[in-house]
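Colleague: Just so we're aligned, residue 58 is where the sequence shown starts under the working numbering, counting upward by one. A single structure is presented below for examination.
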Amino acid sequence: MHFWLADERCVPIDDTERTEKKIKEAIGEKVISKVIFHSPGFGTPIDMTNKYIQELKKNTTFNLAILGIGEDGHTASLFPGNDIGENIDSDDVFPVYNSPKMPSERISLSLNKINQSEHVIFLVSGESKKEIVRKVLCGDSLPASKVRGRNTTNIMNLKVNK
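And the structure:
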């Protein structure tokens with residue numbers, strides 16, 4: 058099984074804000090040891106983008122994309138009001154220099170690349186996401202509402218007990 062990131066923050070590999078680190082901690086070493094984990098490494102946004110583009114040349118489509126939805130309706134690093142990565146002719150991976158959510162420098166898969174996934178699952182949790190999920194489901198022009206798996210797209214509400 059191959060594991061790819063939809064986006065990554067341009068922070069050192071051991072930084073607590075790094076998506077790769079959070080995912081690996083969440084799924085555990087037992088699972089990580091059984092998959093091929095593709096990482097864009099660490100560097101400038103353009104360096105990480107170029108590395109990930111080279112990695113993606115090994116894979117044409119994804120079987121399953123698991124994404125989140127931000128309170129503003131963003132997914133991956135596709136943010137409202139910024140159509141970079143949403144155009145049909147966007148590169149599969151693009152650098153982000155001005156993310157409204159810190160850290161501001163990141164890389165992201167394009168909407169077109171994400172939409173090549175056979176299946177998409179959005180994982181959301183918390184009362185604060187209720188309204189944005191409603192907007193996404195109603196077809197608002199938010200980035201998350203533009204994601205469509207080739208076969209299925211589902212939104213799952215996770216109830217987290219603390």
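Backbone N, C-alpha and C fix where the C-beta goes; we use that ideal spot for every residue, glycine too. None of these values were measured; they are calculated from a predicted model.
1. Can you give me the Cβ contacts of E143 inside the same chain, cut-off strictly under 7 Å, excluding the 5 residues immediately before and after it?
2. Keeping to the same chain, check which residues put their C-beta closer than 6 Å to that of F94; ignore five residues upstream and five downstream.
3. Less than 7 Å between C-beta atoms, sequence neighbours within five positions excluded: which residues of the same chain meet that for K219?
4. When DSSP labels each residue in this structure, what does K219 get in the three-state scheme?
5. For a minimum of 3 consecutive residues, which ranges assigned as the beta strand (DSSP E) are wholly contained in the stretch 65-134?
6. In three-state DSSP terms, what is L194?
7. Whole angstroms is fine: what's the gap from L62's alpha carbon to N214's?
8. For my contact list, V150 and T118 are in at a C-beta cut-off of 8 Å; report their separation, rounded to the angstrom.
9. For S156, which option in A133, V177 and E86 has the closest C-alpha, if you only look at C-alpha atoms?
10. Go ahead and pull the three-state DSSP assignment for P200.
11. What number of angstroms, rounded off, separates the C-alpha of R66 from the C-alpha of I80?
12. How far does the beta strand (DSSP E) with I164 in it extend, from its first residue to its last?
Modeller: Let's see:
1. Mapped onto the sequence shown, residue 143 falls at position 86. Excluding residues up to 5 positions away in sequence, L135, L168, P200 and K203 lie with their Cβ nearer than 7 Å to the Cβ of E143 in the same chain.
2. For the purposes of this step, residue 94 is identified with residue 37 of the sequence shown, where counting begins at 1. F60.
3. As a position in the sequence shown, residue 219 is number 162, starting the count at 1. Only weak support exists for where K219 lies, its pLDDT of 49 falling under 50; the value from the coordinates is given anyway. If we look at K219 and ignore the five residues flanking it on each side, it has no Cβ neighbours.
4. The count along the sequence shown starts at 1 and reaches residue 219 at position 162. Interpretation of K219 is limited by its pLDDT of 49, a score under 50 that renders its predicted location unreliable; the figure taken from the coordinates is listed afterwards. DSSP places K219 in the coil class of the three-state scheme, outside both helix and strand.
5. Qualifying beta strand (DSSP E) stretches, in chain order: 121-124.
6. Counting from one through the sequence shown, the residue named residue 194 turns up at place 137. In this structure, L194 counts as helix in the three-state DSSP scheme.
7. Residue 62 sits at position 5 when you count from the first residue of the sequence shown. Residue 214 sits at position 157 when you count from the first residue of the sequence shown. Looking at the two C-alpha atoms, the distance is approximately 21 Å.
8. Along the sequence shown, one-based indexing puts residue 150 at 93. Along the sequence shown, one-based indexing puts residue 118 at 61. Rounded, the Cβ-Cβ distance is 15 Å, inconsistent with contact.
9. Against the sequence shown, residue 156 aligns to sequence position 99. The option with the nearest alpha carbon to S156 is A133.
10. Residue 200 sits at position 143 when you count from the first residue of the sequence shown. The three-state reading of DSSP puts P200 in helix, counting H, G and I together.
11. Here residue 66 corresponds to residue number 9 of the sequence shown, with the count starting at 1. Here residue 80 corresponds to residue number 23 of the sequence shown, with the count starting at 1. Computed Cα separation, rounded: 13 Å.
12. Here residue 164 refers to the residue found at position 107 when the sequence shown is read from its first residue. For I164, the uninterrupted beta strand (DSSP E) segment begins and ends at R163 to L166.
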